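Protein chains in written order, with the numbering used here: chain A, 15 to 484; chain B, 15 to 484.
The C-beta atom is built at its ideal place from N, Cα and C for all residues, glycine as well.
Keep in mind the model is a prediction, meaning the values are calculated, not measured.
To keep things clear, I will list the structure first and then write my remarks on it.
There are 2 protein chains.
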Amino acid sequence: MTTPHVTTQPSAAKAAVALLALALATAAFAAPEVHEFTLGNGLKVLVKPDRRAPVVVSQVWYKVGSSYETEGLTGISHMLEHMMFKGTESLGPGKFSRIVAAEGGRENAFTGQDYTAYFQSLASDRLEVSLRLEADRMANLLLRDEDFIKEREVVTEERRLRTEDQPESLTYETFQAMAYQTSPYRHPVIGWMSDIEHYSLDDLKGWYRRWYAPNNATLVVVGDVDPPAVRALAERYFGPLKPAAVQSPKPRPEVEQVGLRRVVVEAPAKLPYLLFGYKAPTAATRPEPWEPYALDVLAAILGGDESSRLQSRLVRGEEVAADVGVSYDPYDRMTTLFTISAVPAQGRSMDDLEAGVVEEVRRLREEPVLAAELDKVKTQVVAADVYQLDSVFAQAMRLGRLETVGLGWRTADEYVPRVRAVTPEQVQAVARKYLREEALTMARLKPLPLSSPVARASAPAAIEGGRHAR
Amino acid sequence: MTTPHVTTQPSAAKAAVALLALALATAAFAAPEVHEFTLGNGLKVLVKPDRRAPVVVSQVWYKVGSSYETEGLTGISHMLEHMMFKGTESLGPGKFSRIVAAEGGRENAFTGQDYTAYFQSLASDRLEVSLRLEADRMANLLLRDEDFIKEREVVTEERRLRTEDQPESLTYETFQAMAYQTSPYRHPVIGWMSDIEHYSLDDLKGWYRRWYAPNNATLVVVGDVDPPAVRALAERYFGPLKPAAVQSPKPRPEVEQVGLRRVVVEAPAKLPYLLFGYKAPTAATRPEPWEPYALDVLAAILGGDESSRLQSRLVRGEEVAADVGVSYDPYDRMTTLFTISAVPAQGRSMDDLEAGVVEEVRRLREEPVLAAELDKVKTQVVAADVYQLDSVFAQAMRLGRLETVGLGWRTADEYVPRVRAVTPEQVQAVARKYLREEALTMARLKPLPLSSPVARASAPAAIEGGRHAR
């Protein structure tokens, strides 16, 4: 079973703006109403009808993830996600997945910094299967020692393949731990190895009892369904569950960073790797409301697509970089990182690469972006957003995520107008305010020879592609 | 009330080797037997008669300190130490201290990474007062909301004066948080400000119930006392207390560091400040048994006294440093830092200073220390140890500390022979093994103008001297 976990690792998601015209054409589909209601036990339910195909996506989102964890128990949310497939009082281990498969559905789960979520994609007339099974494991999970011991091995192996043996992941993990001083975002979603090795069954039982309850969850259903019918099913299966006294975790705000940080990771690797991370606000940390959207546009200007600045100037122009990526998520629950990643071109030094990135950041701080460039980028960003929402799965993701981080699903409707309203002055303002050296952490992967024992134990290439992606 | 907290911050302790001849002369006093016994409820009692003066030091050591804490609750051990002076079911707030003072005694407490300890110094015929009061507050502490709210203010103010407004402390705190990736030593003993501000009375009650019990404590009595009489008193006052089910915290070993780390702290300050920290083992982490002692000798070679290498070469010779310090503690409970701190001489750059330190470390790795230098340093180290033990307080500290970190008080007897046995090859071996760039974290304090608001709110100079010292 693959139960991948989501992190904020730089991804190529922003590059998915290819089908521009098609995406814009589908905008009409993205607008239907969301039906929201809350059961007596506190379960929030969001239903969004989308009748383009006779399918339905059902997701259950829990307000718990790695940023709710403390030292010694890092990764426990992810471990519990694995255990959620081990059966309930009425259902044997692995039975859940077999039932969904027998119904022709797909299902899986993912754990992030801010959430743990479970989903099924089914023919729309099979939604009941999903709700029955999810309600069952929300309350009746059986946590057995034998399953636990085996699954803990699976998770340590997952960590070994995806982090220990992946030099870029290892670098990213160390980078994150250095960039955040007090925020729980400093811990990896999968957890530190020693913590994984020392989980007890009681830890899992405690975590399950503490966070898995209808009043700490959101059910999201998107597809070819009628809201009243979904409501009836939700009442039938989730309605009888008891709410729990969910206590919020202690706030752990990030201490203000007041100086540059640099970290080197020496590991067997083929290529060096460079990371820049600037502390940045998100919609959830309540900065000026336009700031997260200006940062989002800024990320696209720097690294959105082939015509973005880092691509056109560092990869193609100066040929100092073989690859670059920019990542920023306006919907993280807490102060986040505006991240730039880069791999040097063959024969070019890390110092040259770093200087190239620094120069592009300097320009953004000092020179306002031209209206034409800004308009082009905004069109891309809006298109990517609209394109993404062509998928019922992505629509459900958006709603569940926004609800779970505390912004509320209606924030989804603000995205396009907020992006469209970003001005050149705002782009420059956020560059000046946030892309400052005093708030910067830099990491460098310094490759060691691949013949070392660590490299020989490395994972097959197939794992690499799926790393930390959903 | 001053309840200072102990950290591993570089201190001038090593410099206290002045009275060499006198110290060696007192060696005869340092040898008397330690009487050890354990009460039925698990309280370990160590009694060391020392009849040179009619005084007694009584200390109660709890196996809890900042390294037992997790995020969100950092500093709670220190906060609880403050609350331990707020009275019990039978004793009003502040009464404890007034009784001890009325008996002509002194008393205080200290919290460190590995322990929380309370002590009284009294005329030896007043020992009963101390044991009666300590036993009372081990079990019957009253944690009242009004005291708590006030005392939390006291602790936030303490943090403001000793850390926020002290640029070197602030730099050290950030340095520590960067050097340790997963170890709880990354947190300051006093706790992060946000955590202090969010303590609840329930947090304190929970911490008190979890750790304050006879089976998690050691009573150390040193002075003009008879062991059987101390035993009778201990039985009388501590004997009736119930043991608790003390659960060990999760292990949180430090992840292996595989590359250089650098951090800059920009803060209003008069002078820059440079810190080097190399990851190093301690007697408690079970390296080769001679390694911690070779590192201790190495620390003295580098920075022990006026004739040490950094003093003679960087301060006096090249005049690149105005001040240097070296700190290493072989008795920390977990992997620790071998720390070098330095302030540049007027007109000399931080780069020059850094290069000077790097050069001295390189020499230690590459050239064996000469027998004459080693002998001189060993004499100093042994003398400092013996000198320190001239104080009954220091003797009690040593016993309590070793017992509390799990090494056992008998380790004290090994110190001098272990130091005497260190060879030039061993000094070079630990320099090569541990003083490596891949295991190094460097921090620089970059002074901002003192006219900024932070500097104006700064503490009076008198606080500075006492900062983080015991």
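Sequence-distant residues of the same chain with beta carbon closer than 7 Å to residue i, five excluded per side
{"i": "A:Y213", "result": "I90, M93, R166"}
{"i": "A:I310", "result": "Sequence check: residue 310 of chain A is Asp here, not Ile. Only Y342, P344, V395, V433 meet the Cβ criterion."}
{"i": "A:Y251", "result": "L145, R146, A149"}
Nearest-angstrom beta carbon gap, residue j and residue i [assumed within contact, 8 Å]
{"i": "A:M98", "j": "A:Y129", "result": "The pair is not a contact, with the Cβ atoms about 14 Å apart (cut-off 8 Å)."}
{"i": "B:K256", "j": "A:G86", "result": "Incorrect: roughly 27 Å between the Cβ atoms, too far for contact."}
{"i": "A:R151", "j": "A:G119", "result": "Actually they do not touch by this definition, with Cβ atoms about 15 Å apart."}
{"i": "B:T418", "j": "B:W75", "result": "5 Å"}
{"i": "A:N154", "j": "A:E103", "result": "5 Å"}
{"i": "A:K392", "j": "A:V340", "result": "Actually they do not touch by this definition, with Cβ atoms about 16 Å apart."}
{"i": "B:L328", "j": "B:K62", "result": "About 41 Å separates the two Cβ atoms, so there is no contact after all."}
{"i": "B:L289", "j": "B:M456", "result": "7 Å"}
Backbone CA spacing between residue i and residue j [nearest angstrom]
{"i": "B:P462", "j": "B:P181", "result": "Reading the sequence as shown, one finds Leu at residue 462 of chain B and not Pro. B:L462 and B:P181: Cα-Cα distance of roughly 10 Å."}
{"i": "A:A359", "j": "B:P301", "result": "43 Å"}
{"i": "B:R415", "j": "B:Y82", "result": "15 Å"}
{"i": "B:Q440", "j": "B:V272", "result": "23 Å"}
{"i": "B:R458", "j": "B:Y287", "result": "6 Å"}
{"i": "A:A294", "j": "A:G54", "result": "38 Å"}
{"i": "A:Y277", "j": "A:M192", "result": "Looking at the sequence provided, one finds Val at residue 277 of chain A rather than Tyr. Each residue's alpha carbon lies about 8 Å from the other."}
{"i": "B:A258", "j": "B:R347", "result": "23 Å"}
{"i": "A:E148", "j": "B:S208", "result": "37 Å"}
{"i": "B:E47", "j": "B:P241", "result": "10 Å"}
{"i": "A:L449", "j": "A:V375", "result": "7 Å"}
{"i": "B:D179", "j": "B:S465", "result": "13 Å"}
{"i": "A:Q134", "j": "A:V236", "result": "11 Å"}
{"i": "A:N230", "j": "B:G318", "result": "57 Å"}
{"i": "A:S111", "j": "B:H201", "result": "43 Å"}
{"i": "A:R66", "j": "A:V406", "result": "9 Å"}
{"i": "A:Q486", "j": "A:L403", "result": "The structure shown does not extend to residue 486 of chain A, since chain A spans only 15 to 484, so no value can be given for it."}
{"i": "A:A248", "j": "A:L136", "result": "16 Å"}
{"i": "B:T196", "j": "B:T84", "result": "11 Å"}
{"i": "A:G56", "j": "A:V69", "result": "27 Å"}
{"i": "B:D238", "j": "B:D427", "result": "21 Å"}
{"i": "B:V203", "j": "A:P107", "result": "45 Å"}
Any non-hydrogen atom of the ligand FMN within 7 Å of residue i CB
{"i": "B:V59", "result": "This structure does not include the ligand FMN; it has no bound ligands of any sort."}
Run of the alpha helix (DSSP H) containing residue i, from where it starts to where it stops
{"i": "B:D161", "result": "159 to 173"}
{"i": "A:W75", "result": "Looking at the DSSP string, A:W75 is not in any alpha helix (DSSP H); the run it does join, the beta strand (DSSP E), is 69 to 76."}
{"i": "A:H212", "result": "Neither: A:H212 is in no alpha helix (DSSP H) and is coded neither H nor E."}
{"i": "B:H49", "result": "It is not in any alpha helix (DSSP H) - B:H49 instead sits in the beta strand (DSSP E) that spans 49 to 52."}
{"i": "A:E148", "result": "141 to 153"}
{"i": "A:F99", "result": "Neither: A:F99 is in no alpha helix (DSSP H) and is coded neither H nor E."}
Extent of the continuous beta strand (DSSP E) run through residue i
{"i": "A:D337", "result": "335 to 341"}
{"i": "A:Q394", "result": "Per DSSP, A:Q394 belongs to no beta strand (DSSP E); it is in the alpha helix (DSSP H), 385 to 402."}
{"i": "B:A298", "result": "No beta strand (DSSP E) holds B:A298; DSSP gives it neither H nor E."}
{"i": "B:K58", "result": "58 to 63"}
{"i": "A:I354", "result": "350 to 358"}
{"i": "B:Y132", "result": "130 to 137"}
{"i": "B:R376", "result": "Segment 364 to 380 is the alpha helix (DSSP H) holding B:R376; no beta strand (DSSP E) there."}
Own chain, CB closer than 8 Å to residue i, minus 5 neighbours either side, in chain order
{"i": "B:A41", "result": "Unreliable positioning characterises B:A41 in this predicted model, as indicated by a pLDDT of 44, which lies under 50. A coordinate reading is not provided."}
{"i": "A:A298", "result": "Y345, D346, R347, M348, V419, G420, L421"}
{"i": "B:D217", "result": "L87, I90"}
Proximal residues to residue i (C-beta, below 6 Å), its chain only, five neighbours per side dropped
{"i": "B:V78", "result": "S91, T130, W225"}
{"i": "A:Y292", "result": "F352, Y448, L449, A453, L454"}
{"i": "B:L285", "result": "V357"}
{"i": "B:V143", "result": "E117"}
{"i": "A:E451", "result": "L274"}
{"i": "B:A308", "result": "V436, Q440, V441, V444"}
Query - Near-chain A residues of the stretch 275 to 298 of chain B (beta-carbon distance less than 7 Å), N- to C-terminal order - result: Going along the stretch 275 to 298 of chain B in chain order, one finds R275, R276, V277, V278, V279, E280, A281 with a Cβ nearer than 7 Å to chain A.
Query - the stretch 249 to 266 of chain A: positions lying closer than 9 Å to chain B by Cβ - result: P263, K264, P265, R266: these are the residues of the stretch 249 to 266 of chain A whose beta carbon lies less than 9 Å from some beta carbon of chain B, given in chain order.
Requested in this report: Output, in sequence order along the chain, the residues in the stretch 87 to 107 of chain A whose CB is closer than 9 Å to any CB in chain B.
Outcome: L87, T88
Requested in this report: Please name the residues in the stretch 347 to 372 of chain B whose beta-carbon is closer than 8 Å to at least one beta-carbon of chain A, in chain order.
Outcome: none
Report task. With 7 Å as the limit, tell me which residues of the stretch 308 to 332 of chain A have their beta carbon closer than that to any beta carbon of chain B; keep them in chain order. Result -> none
Query - the stretch 441 to 453 of chain A: positions lying closer than 9 Å to chain B by Cβ - result: E451, E452
**Report entry** Within 7 Å of chain A by C-beta, residues of the stretch 397 to 421 of chain B in sequence order
**Finding:** none
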